[in-house]
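Working notes, beginning with the structure itself.
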Amino acid sequence: MTMPGAERDICWDEFTFLVDQLIEQIGGRQFDLYMLVSRGGLIPGGLLAKRSPFYNITVLSIQWYDGKTKMDKPIVLQTPHESLLHGKDVLIIDEVWQSGDTLAFATKLVTRAGGRAHTAVIHFKPNQSTNTGQPTFHSEIEERWIRYPWEKSEGQT
41 MTMPGAERDI CWDEFTFLVD QLIEQIGGRQ FDLYMLVSRG GLIPGGLLAK
91 RSPFYNITVL SIQWYDGKTK MDKPIVLQTP HESLLHGKDV LIIDEVWQSG
141 DTLAFATKLV TRAGGRAHTA VIHFKPNQST NTGQPTFHSE IEERWIRYPW
191 EKSEGQT
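Set out below in structure tokens:
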């Protein structure tokens, strides 16, 4: 674990290694549904699903930021229908647990619909979390700002 404020660039090889670590943690655990959090969870969730014989995938699309400013409440753009969540074991996938707000929101959505929520992230930042608890599964603990391989450096087009 490193100090906050530093940055870390992750290449595709390292990213796929971290996804493989997540798959290993999950082991043979069975889920009824993967819920990918847009936008950050789309790529890790897609890769996770592709590396398993799993096809039941949905997307939760919420927006917490207006530019670089975090809003008090998210804008909900798309949620799965409650019937997809009721009575189901749902694995909610995102790239990072920083404040924990996104996954806390997603967990409440699943449990209010009568489902059982489990969470998986590539990076967990416990010192930056403002929510109690932690993800069910995570590849590694990292406090630095992560630049994933699909993200461009600021100023690039």
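Just so you know, we're using the numbering used here here: the sequence shown kicks off at 41 and counts up by one.
Note that CB positions come from ideal geometry on N, CA and C, so glycine has one too.
- Under the criterion of beta carbons closer than 8 Å, Val-136 and Val-161 qualify as touching, at roughly 6 Å.
- Leu-131 is not a Cβ neighbour of Asn-96, given a cutoff of 8 Å.
- By the CB criterion at 8 Å, Asn-171 and Asp-141 fall inside the cutoff.
- Restricting attention to Leu-87, Ser-78, Ser-101, Ala-157, the CA atom closest to the CA of Pro-175 is found in Ala-157.
- The residue among Gln-70, Arg-152, Gln-138 with its C-alpha nearest the C-alpha of Thr-119 is Arg-152.
- The beta carbons of Leu-82 and Thr-56 sit no closer together than 8 Å.
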